[in-house]
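Visitor:
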Amino acid sequence: MKKSTNFLSFILVITIVAASFNTNAAIVAPDTNPICKTWNLSAETVLGIDQAPEASMVGDKLIINEDNTISVKFMGIESTGTYILVGDNTWLSITLADGKALRLKVVSVSATTLTVDYVNSVSEHRIFVFTAL
Numbered sequence: 005m006k007k008s009t010n011f012l013s014f015i016l017v018i019t020i021v022a023a024s025f026n027t028n029a030a031i032v033a034p035d036t037n038p039i040c041k042t043w044n045l046s047a048e049t050v051l052g053i054d055q056a057p058e059a060s061m062v063g064d065k066l067i068i069n070e071d072n073t074i075s076v077k078f079m080g081i082e083s084t085g086t087y088i089l090v091g092d093n094t095w096l097s098i099t100l101a102d103g104k105a106l107r108l109k110v111v112s113v114s115a116t117t118l119t120v121d122y123v124n125s126v127s128e129h130r131i132f133v134f135t136a137l
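Numbering (my numbering), first residue to last: 5 to 137.
1) Return the first residue and the last residue of the beta strand (DSSP E) that residue 56 is part of.
2) In chain order, what residues of the same chain lie with their CB nearer than 6 Å to the CB of residue 22, ignoring the 5 residues before and after it?
3) Using a Cβ-Cβ cutoff of less than 8 Å, which residues in the same chain neighbour residue 113 once the five nearest sequence positions on both sides are dropped?
4) Taking C-alpha atoms, which residue in 59, 71, 133 and 91 lies nearest to residue 80?
5) Mark residue 76 as exposed unless 16 or more other C-beta atoms lie within 10 angstroms of its C-beta, in which case mark it buried.
6) Nearest by alpha-carbon distance to residue 67: which of 85, 51 and 93 is it?
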């Protein structure tokens, strides 16, 4: 009898603790992902040199939505697609509507700045700095 009473007490404590966690979870507002914004290209670093974006890249931007869709204007070409964040949010893996893939390493993200590392077709690293609208 004592064993069943202890077991029932244990179940009751677990139920109360679980209900407490569920109640607290409902009160806390869901976090929005700070990467989900409209980002305009504002600067780039090529071979360690900070500079304004190339003429072909002026007006380039990323529109990253919370539903994992993305609009990209890169090198003046606009496209849409989907994205996922992988590797503990350190990689932005993009699949465009035409099937092309783009992978950006997230160097840093804040409320107003997104810095990514992009490796082009000749293995040249380019660091792009975007600012939020």
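Built from N, CA and C at the ideal position, the CB exists for glycine as well.
Guide: On the basis of the data shown:
1) Element bounds for residue 56: n/a, residue is neither H nor E.
2) Only weak support is given to the placement of residue 22: the predicted model assigns it a pLDDT of 33, under 50, and the value that follows is read from those uncertain coordinates. Nothing meets the Cβ criterion.
3) 38, 39 and 119
4) 59
5) buried
6) Nearest Cα to residue 67 within the set 85, 51 and 93: 85.
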